[in-house]
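Here the sequence shown stands for residues -17 to -1, 1 to 231, numbered as in mature numbering (1 follows the signal peptide of the UniProt record, and there is no 0). Structure, as structure tokens:
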Amino acid sequence: MIRYCFLLLFISSAAFAQRGEWYTYSTGKAPLCHLTINDDEMIVERMDPAFRQVKMMGRTSKADEQEHMEIVKQVNANDRVYMIHLSSDNLYFCTTFKYFKKQDSLQMFCADGADDGYKTIDDAVAATRKDTGTHFSITLYRKEKLQSQKHYTPIAKITEEEFRTALQQFTRQMDQFWQYRGYGRYEPYHAWTNLIYGNAFAASFDPRFDKLTLDAKNLKAPITKYGNEPAIKKLLQDAGLLAEDAVK
């Protein structure tokens, strides 16, 4: 009985920890996306996509729009919380969360494991029981955590070698993302695509840089300064960061 009560307490506290205001890296005019998690819905700011691949998917909503995703079922398993929601085309998607108390951060597995669009809610619930997904997660932070990096080096001061290395790492990770998606290993909910790109892009740069400066305004400096170097130009094209007329 005591063990059962402890389990219930752990599950409820884990679910409670996920509620509230969160921020994560995204793409577009602003480098961050604001998410709100409640008991019955997730609210996501739709960001203006910067990467050509994201634009090609037709996700070009205005930055001030929000998407409200009703949580139709919540499952606690595998030391994670699974929130199941129904898409506009009547498919069930499962977004997986794992809270890390020490860092006060929330890991969100949005392109792996139990994420795929399912025809029935029972199929989505069954997928949570066998979920072992670890790839393509994004990290949600409290606002204060992200603001604390403002004293770091702005991205405009990056060296050519650092810029090349970051672009190489980003391209490798996103190549794997599209390869796995093409093999049908997962189908991420469309709203998470910007966040997957944004998190992979931010993670590709050295921790000494202020990731809040990964926006169009600040990236213009290294792109202009180093973009004519053939290897870097090719990496920028592969990443979808150059205007389409510059790719031709």
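Backbone N, C-alpha and C fix where the C-beta goes; we use that ideal spot for every residue, glycine too.
Annotation for R63: no alpha helix (DSSP H) segment contains it, though the beta strand (DSSP E) segment containing it runs R63 to L69. In the DSSP annotation of this structure, the continuous segment of the alpha helix (DSSP H) that includes A204 starts and ends at A199 to Y209. Within the same chain, Cβ atoms closer than 7 Å to the Cβ of D62 are found at K81, the five residues on either side in sequence being excluded.
For K217, the enclosing alpha helix (DSSP H) starts and ends at P213 to A222.
A straight-line Cα-Cα distance of about 17 Å links E4 and A174.
Of the residues assessed, N73 falls on the exposed side of the cut-off, its CB having fewer than 16 other CB atoms within 10 angstroms.
Between the alpha carbons of D87 and E144 lies a gap of roughly 33 Å. The alpha-carbon of T19 is positioned some 14 Å away from that of Q90. Rounded to the nearest whole angstrom, the CA to CA distance from G223 to T7 is 21 Å. If you draw a straight line from the Cα of D189 to the Cα of A149, it is about 8 Å long. Bridge pairing for H17: Y6 [DSSP]. Between Y163 and A204, the alpha-carbon positions lie close to 33 Å from each other. In the three-state reduction of the DSSP assignment, A97 falls in the coil class, being assigned neither a helical nor a strand state.
Residue ranges of uninterrupted alpha helix (DSSP H) with 4 or more members, entirely inside the segment 75 to 141 and ordered along the chain, are 104 to 112 and 126 to 130. The beta carbon of I67 lies closer than 6 Å to those of V55, K56, Y75, C77 and A107 in the same chain, with the five residues before and after it left out. DSSP places A60 in the uninterrupted beta strand (DSSP E) bounded by Q49 to A60.
Comparing alpha carbon positions, the residue from N21, D105 and F119 closest to T176 is F119. E24: member of the beta strand (DSSP E) spanning E24 to E28, first to last residue. Distance from F146 to F184 at the Cβ level is roughly 12 Å; contact not present, criterion being Cβ atoms closer than 8 Å.
Of the residues I121, N182 and T122, the one whose Cα lies closest to the Cα of P14 is N182. A Cβ-Cβ contact shorter than 7 Å links V27 with E50. Inter-residue distance for S70 and G210 is about 39 Å (C-alpha atoms, whole angstroms).
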